[in-house]
Amino acid sequence: MTSSTVVNLVLAGITLGAVYLLMAMGLTLVYGVTKVFNYAQGSFFTWGGYIAWCLSVGVLRWNYYLAIPITILVMFVMGMVFQNLIVLPLRSKPGWDFTVIIVTLGCALVLDNLALVAFGALSKTLPNLLEGNIRYGKFAFAKHDLVMLLTSLVVLAILQVFLSKTWTGMALRAVSQDNIGARIVGLPLNLLYSYAFGIAAVLSTIAGILLVPRTLLYPEVGWEVVLKAFVVMVLGGLGNIKGTVVAAFILSIAEVFISFIFGGIWAMPIFLAGLVVVLVFRPKGLFGQW
Amino acid sequence: MVNQIRKYSLLIGTLIILAILPAFFHASTYIMNILILCLIWGVMAQSWDLILGVASVFSFGHLSFFIIGGYVCGLAAKYMGVSPWLGYLLAGMVAAIIGLIIGIPCLRLQGMYLAIVTFSLQFVLPTVIVYFGPGRSQTFSTGGSFGLENIPSPTLFGYTFNRGELVPFYYLSFVFFIVAMAVIYFIIKSPVGTAFKALRDAEPLAKTLGIDEYKYKLLVFAISAFIAGVTGAYYATYFQLISPSSMTLDVFLIVLVMVLFGGLGVYPGAAIGAFVITIANELLRPTLSWRLVILGMFIIFTMIFMSKGLMGIPDVFRSLYRRRLRQRSDRSENQE
Numbered sequence: 034m035t036s037s038t039v040v041n042l043v044l045a046g047i048t049l050g051a052v053y054l055l056m057a058m059g060l061t062l063v064y065g066v067t068k069v070f071n072y073a074q075g076s077f078f079t080w081g082g083y084i085a086w087c088l089s090v091g092v093l094r095w096n097y098y099l100a101i102p103i104t105i106l107v108m109f110v111m112g113m114v115f116q117n118l119i120v121l122p123l124r125s126k127p128g129w130d131f132t133v134i135i136v137t138l139g140c141a142l143v144l145d146n147l148a149l150v151a152f153g154a155l156s157k158t159l160p161n162l163l164e165g166n167i168r169y170g171k172f173a174f175a176k177h178d179l180v181m182l183l184t185s186l187v188v189l190a191i192l193q194v195f196l197s198k199t200w201t202g203m204a205l206r207a208v209s210q211d212n213i214g215a216r217i218v219g220l221p222l223n224l225l226y227s228y229a230f231g232i233a234a235v236l237s238t239i240a241g242i243l244l245v246p247r248t249l250l251y252p253e254v255g256w257e258v259v260l261k262a263f264v265v266m267v268l269g270g271l272g273n274i275k276g277t278v279v280a281a282f283i284l285s286i287a288e289v290f291i292s293f294i295f296g297g298i299w300a301m302p303i304f305l306a307g308l309v310v311v312l313v314f315r316p317k318g319l320f321g322q323w
Numbered sequence: 510m511v512n513q514i515r516k517y518s519l520l521i522g523t524l525i526i527l528a529i530l531p532a533f534f535h536a537s538t539y540i541m542n543i544l545i546l547c548l549i550w551g552v553m554a555q556s557w558d559l560i561l562g563v564a565s566v567f568s569f570g571h572l573s574f575f576i577i578g579g580y581v582c583g584l585a586a587k588y589m590g591v592s593p594w595l596g597y598l599l600a601g602m603v604a605a606i607i608g609l610i611i612g613i614p615c616l617r618l619q620g621m622y623l624a625i626v627t628f629s630l631q632f633v634l635p636t637v638i639v640y641f642g643p644g645r646s647q648t649f650s651t652g653g654s655f656g657l658e659n660i661p662s663p664t665l666f667g668y669t670f671n672r673g674e675l676v677p678f679y680y681l682s683f684v685f686f687i688v689a690m691a692v693i694y695f696i697i698k699s700p701v702g703t704a705f706k707a708l709r710d711a712e713p714l715a716k717t718l719g720i721d722e723y724k725y726k727l728l729v730f731a732i733s734a735f736i737a738g739v740t741g742a743y744y745a746t747y748f749q750l751i752s753p754s755s756m757t758l759d760v761f762l763i764v765l766v767m768v769l770f771g772g773l774g775v776y777p778g779a780a781i782g783a784f785v786i787t788i789a790n791e792l793l794r795p796t797l798s799w800r801l802v803i804l805g806m807f808i809i810f811t812m813i814f815m816s817k818g819l820m821g822i823p824d825v826f827r828s829l830y831r832r833r834l835r836q837r838s839d840r841s842e843n844q845e
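Top to bottom, those sequences are chains A and B.
When the count follows this note's numbering, it moves up by one through the first sequence with no breaks and lands on 323 for the last residue.
When the count follows this note's numbering, it moves up by one through the second sequence with no breaks and lands on 845 for the last residue.
Okay, structure coming up:
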């Protein structure tokens with residue numbers, strides 16, 4: 034392994050990590066605010082990709098840069114509808130923390146197979162956001178990778194500002210810190226839950242649009258990403274944003290190196306083994322609260 | 510007493526019906542195949558219910574033990590000439606040991622973490638199986654994504670069970686089903702099952718009485734892994750094939766629907782659910798890709814509207830009946 038390979042791999046890892054971070058942030062936000070483990074997040078990823086594909090290259094042939102904001106809007110609404118239609122009716126039932134896991138799993142099954150019915154098993158692809166490479170001496174870096182990295186970081190920065198400065202963002206944080214307290218002061222909980230799901234759907238859609246040119250688009254594509262995001266989230270400690278960031282980059286760089294050395298299929302088994310080892314010694318993740 | 514007789518009559522009636530079913534359907538290989546599948550998935554669903562419903566452990570990796578069992582039995586038979594009977598036992602033991610290896614670190618985790626770790630097994634195991642496929646080594650192959658083929662079927666008194674005659678195979682499956690269901694029943698009725706009931710109903714009290722939750726969870730995890738392993742081995746010898754395609758997300762969710770639709774943690778619920786869902790799954794085959802969409806919606810509706818599954822239906826009727834009685838007594842009081 035030459036030094037230029039190492040640099041390229043690290044760069045690829047950081048890019049990938051930024052995208053995983055988007056997914057993991059969506060999961061963390063939903064878990065923090067609504068206490069739901071959303072297994073259907075991977076399907077949001079897939080459907081975001083498919084809707085963008087439909088609007089741009091697939092069916093309607095709109096300009097790609099016009100298609101993206103519309104996709105994001107559609108997915109935001111879809112996330113909110115999902116919350117109101119599926120998660121909300123369960124909330125009042127006994128043992129809902131278990132039922133909701135199963136129901137989101139069921140939704141993932143429905144959404145993935147609807148994608149299969151609607152678009153077929155044949156892989157689709159989305160265009161790169163920017164074509165071409167940047168060359169600097171021996172190092173080559175695809176412009177799309179740069180877009181991936183910058184977009185993710187910008188989106189995460191916007192999310193951070195939104196959560197810490199705006200009224201809605203602060204309300205979301207209040208709900209995640211103290212649900213009953215938030216209810217007492219009269220925050221509109223259902224609306225906030227819907228926002229959390231909507232934002233998570235948007236984050237996974239952006240992740241989808243960024244990552245699909247690299248991975249192709251097929252009905253089960255979301256699972257791989259969402260499982261890695263789950264590992265990131267658990268390793269970082271549920272609801273711990275700093276931990277999630279660190280975990281995302283550790284895992285993605287590790288993944289790139291594992292794929293390079295042993296082949297791509299070993300990434301997930303090694304992640305899993307690593308996760309179990311970490312959880313044995315720190316049952317709430319690397320940076321979890323004790 | 511009357512209640513007990515009613516309970517046993519129901520049990521015996523069900524067994525008799527199951528025993529004479531081949532008399533009606535022996536001509537159709539298709540239906541016999543589905544019936545055998547019902548029995549196999551019945552055991553599988555019930556063993557999953559043992560860990561998921563009775564012990565309330567979020568174990569989503571149960572299908573892994575099924576696949577591990579199938580491969581252990583198949584590989585042992587093909588490469589070491591182990592007879593399928595011994596293979597079943599071996600498969601169960603290996604599955605239980607792997608269950609212990611996974612369970613020892615994981616069962617200390619909280620529900621959500623455990624769910625994710627065990628669920629990831631679902632995705633990891635097939636890739637590992639495919640990796641050790643043909644061409645990886647000279648002496649040993651899992652058959653890759655096509656699966657391990659030509660696994661020998663069990664032989665009894667010189668008779669080899671085969672896919673040509675499904676009636677004997679049906680009765681073998683029936684015996685297997687009864688034995689496995691009885692084992693699960695005795696586990697639920699044993700001190701272990703009682704301990705879990707205590708932990709569920711009055712956790713602080715149960716813990717002060719010295720019930721070690723972790724120890725019992727580990728025990729039940731290993732037992733249910735054992736049963737799942739044996740079931741997987743039986744499935745492999747029945748189809749003479751075991752492949753990673755038995756471990757896709759669809760299969761996982763279908764088995765999960767069986768458990769949930771039957772009723773989580775209510776004893777014969779999962780097996781009944783398995784019968785209903787296996788047949789429904791076959792009936793839905795003409796709908797092609799819509800089948801899984803429909804099954805998925807089925808999960809959602811079951812969980813939203815029938816959270817106790819099929820086993821909750823008698824409760825619904827009972828409460829309706831009680832309400833009728835109460836209304837009647839109210840009315841008679843008003844008249845007085």
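Don't be surprised by glycine CBs; every beta carbon is placed ideally from N, CA and C.
Applying the criterion that 16 or more other CB atoms from any shown protein chain within 10 Å of the CB defines a buried residue, is VAL313/A buried or exposed? exposed
Just reading off the beta strand (DSSP E) that ASN161/A is part of, what are its end residues? Segment: none, ASN161/A is in no beta strand (DSSP E) and carries neither H nor E.
I want to see whether chain A comes within less than 8 Å of PHE748/B, judged by CB atoms only; does it? no
Where do the N-terminal and C-terminal ends of the alpha helix (DSSP H) with ALA326/A fall, by residue? This structure cannot speak to residue 326/A, because chain A is shown only from 34 to 323.
Using CA coordinates, which residue listed in PHE784/B, VAL760/B, VAL688/B is at the minimum distance from GLY139/A? VAL760/B
Here's a check: name, in chain order, each residue in its chain whose Cβ is nearer than 7 Å to the Cβ of VAL639/B, leaving out the five neighbours to either side. GLY653, SER654, PRO753
For VAL267/A, go through chain B and note every residue whose CB falls closer than 9 Å to its CB, in chain order. MET621, TYR622, ILE625, VAL626
Please report how far the alpha carbon of GLU253/A lies from the alpha carbon of ARG216/A, in whole angstroms. 38 Å
For ALA175/A, collect the residues of the same chain with a Cβ closer than 7 Å to its Cβ; drop the 5 residues on either side in sequence, then sort them by chain order. ASN166
Suppose the cutoff is 6 Å on Cβ atoms and the five residues either side in sequence are ignored; what does the same chain contact list for LEU49/A look like? SER285
What is the DSSP secondary structure of TRP323/A, counted as helix, strand or coil? Because TRP323/A sits at a pLDDT of 49, beneath the cut-off of 50, its placement in the model cannot be relied upon, and the following sentence gives the value as read from the coordinates. If DSSP states are grouped into helix, strand and coil, TRP323/A belongs with coil.
How about THR703/B: is its Cβ closer than 7 Å to a heavy atom in the ligand MN? Ligands in the displayed structure: none, and consequently the ligand MN is not present.
Going by CA-CA distance only, name the one from ASP710/B, VAL637/B, VAL692/B that's closest to PHE735/B. VAL692/B
Determine whether the beta carbon atoms of ALA707/B and ILE687/B lie at a separation below 8 Å. no
Grab me the residues of SER292/A's own chain with a C-beta within less than 8 Å of its C-beta, minus the 5 sequence neighbours each way, in chain order. TRP299, ALA300
For GLN631/B, count neighbouring C-beta atoms within 10 Å of its own C-beta (all shown protein chains included) and say buried if the count is 16 or more, exposed if not. buried
Please tell me whether ILE660/B and GLN749/B are closer than 8 Å, where the distance is taken between their beta carbons. yes
How many whole angstroms separate the CB atoms of VAL766/B and TRP557/B, which I take to be in contact at a CB cut-off of 8 Å? So it is not a contact: roughly 11 Å between Cβ atoms.
So PHE174/A is in the beta strand (DSSP E); what residue range does that whole segment cover? 172 to 175
Quick check on the DSSP output: the alpha helix (DSSP H) that includes PRO677/B runs from which residue to which? 675 to 698
On the DSSP bridge assignment, give the partners of LYS157/A in chain order. LEU250/A
At a CB-CB cut-off below 9 Å, which residues of chain B make contact with TRP256/A? PHE632, LEU758
THR158/A CB to nearest chain B CB: under 8 Å? no
Excluding the 5 residues preceding and the 5 following LEU149/A in the sequence, name in chain order all residues of the same chain whose CB lies nearer than 6 Å to its CB. PRO252
Alpha-carbon to alpha-carbon, ALA204/A and LEU220/A: 7 Å
Leaving out five residues on either side along the sequence, give the residues of the same chain with a beta carbon under 8 Å from the beta carbon of GLY782/B. ALA554, VAL766, MET767, VAL768, LEU769, PHE770, GLY771, GLY772, GLY818, LEU819
Residues that THR137/A bridges to, as DSSP identifies them: Answer by DSSP bridge pairing: none, since THR137/A is not bridged.
In angstroms, rounded to a whole number, what distance separates the CA positions of TYR694/B and TYR776/B? 7 Å
Looking at THR158/A and LEU244/A, is the spacing between their C-beta atoms short of 8 Å? no
Compare the C-alpha of LEU319/A against each of ILE294/A, MET266/A, ILE303/A, PRO302/A and name the closest. MET266/A
Pair every Cβ in the stretch 85 to 99 of chain A with every Cβ in the stretch 191 to 198 of chain A, then say whether three or more of these pairs are closer than 8 Å. no
Count the other CB atoms within 10 Å of the CB of MET756/B; is the residue buried (16 or more) or exposed (fewer)? buried
Taking beta-carbon pairs under 7 Å, can you tell me which members of the stretch 579 to 593 of chain B lie near chain A? none
Can you find a C-beta in chain B that's less than 8 Å from the C-beta of ASN146/A? yes
Rounded to a whole number of angstroms, what is the C-alpha to C-alpha distance between THR248/A and LYS317/A? 31 Å
With a 10 Å radius around its C-beta and 16 neighbouring C-beta atoms as the bar for buried, classify MET181/A as buried or exposed. buried
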